[in-house]
Amino acid sequence: MNKKRHRIGLLAATAAILLGTGGVALANHSWDNYHWARTSNPFTLKVVDSVTSTWDPYLVEAKNDWSASSVLDLTIEPEPAGWTKAMKDRRRCWAVSGKIRACNYAYGNNGWLGIASIWASGNHITQATTQVNDTYFNTSTYNTPAWRRLVMCQEIAHDFGLDHQDENFSNPNLGSCMDYTNDPDGPPSNEHPNQHDYDQLEAIYAHFDSFSTVKNAVVGSSGQNKGEDENSTEFGKALKQDNKGRNFLFEKDYGNGKKKITFVFWAE
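Using this note's numbering, read the sequence shown as starting at -5 and increasing by one per residue.
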C-alpha cells in the first residue's frame, strides 16, 4: 500500500477529532497519547524476533501491514548472537530498550491469548513486548491463521500506541485487527489493519519530539524489564474493562513518571 495515500486520511482523522462530533469515538483510538519519541517521519522501529517458526509468518505479516503507514517502518531483526541463555528466555521475554520484542511460549491456562506491554516515561514509549500464548494457540479453536493474524497484528499495534476501535465481541466486524471479535475471518476479516487504523496512526505521530526513544540497546536486566511469565496473575492496577466485565488494561507505576502498561487479549 502506498504510504502517500494515508497522508490524506490524516487530515480527515484530525478534522474529526477537532470537530468533537459523534464520530470522535471512531476517529480517535490512540492509547492515551503513548507514542515513541522521534524527530522525523517515517521512523524505523525494530522488532526483535523471539518467536518460533510457526509464528514467524504472522510476525512478518504484521510488520508488512503496519509498515504501510506513512509514518512508521517496522523491521524485524534476530536476537543478537551475544545474548545469554537468560536473555533469550521466551518465557520471561525481557524487554529491549528502544525496540519491540515479540515472544511466544506455552504460558498456561491463564486466560489470555496475547498481551502487549509498553514501558513509558511520561507519554513516551521506551520499550515494548508482544507475547502470544501457545497453550491456547495449540488448541483447535485458536490454531487457525485468522486467530494468529488477528492477535499478532493487534498486539504489535498496541506497542506503538494504537488502542481498539471497538471492544464489544458481539458487534459486527469492522474489518480491522484493532476490533474485538468472536469471528476474526468474518466477513469482513479482522486480520489486518483498515484505513482508519492508518489514519489514526498518522494522527498519533503528526508531531515531532526533540529527542528519540527509538534506539539500538541491550536487553533489560532488572525485574521492571521482565515480560509476563506463566505464573503472572497480577498485571498491576486495572484501568479498563471489556463489555463482558473483564479487566484488560493494567498499569504498574514505578514512580518518577515511569510505568508499565499492559493490554490483555482474553480467550473466549
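Backbone N, C-alpha and C define an ideal beta-carbon position, used for all residues, glycine too.
Query: List the residues that DSSP assigns as beta-bridge partners of residue 257.; Result: 110, 243
Query: Can you look up residue 149 in the DSSP assignment and give me helix, strand or coil?; Result: helix
Query: Measuring straight from C-alpha to C-alpha, what distance separates residue 254 and residue 125?; Result: 15 Å
Query: Rounded to whole angstroms, what's the CA-CA distance from residue 146 to residue 33? Just pull it up for me.; Result: 28 Å
Query: Look up residue 130 in the DSSP assignment and say whether it is helix, strand or coil.; Result: helix
Query: For residue 207, which residues in the same chain have their Cβ closer than 7 Å to its Cβ, ignoring the five residues on either side in sequence?; Result: 30, 31, 92, 118, 119, 120
Query: Suppose you measure from the CA of residue 75 to the CA of residue 128; what does that come to, to the nearest Å?; Result: 25 Å
Query: Quick check: residue 111 and residue 256, are their CB atoms within less than 7 Å of each other?; Result: yes
Query: Where residue 70 and residue 233 are concerned, what is the direct C-alpha to C-alpha distance, given to the nearest angstrom?; Result: 31 Å
Query: Within 10 angstroms of its Cβ, does residue 240 collect 16 or more other Cβ (buried), or is it exposed?; Result: exposed
Query: Tell me which same chain residues have a C-beta within less than 8 Å of the C-beta of residue 39, skipping the five on either side of it?; Result: 30, 66, 67, 68, 69, 93, 94, 154, 208
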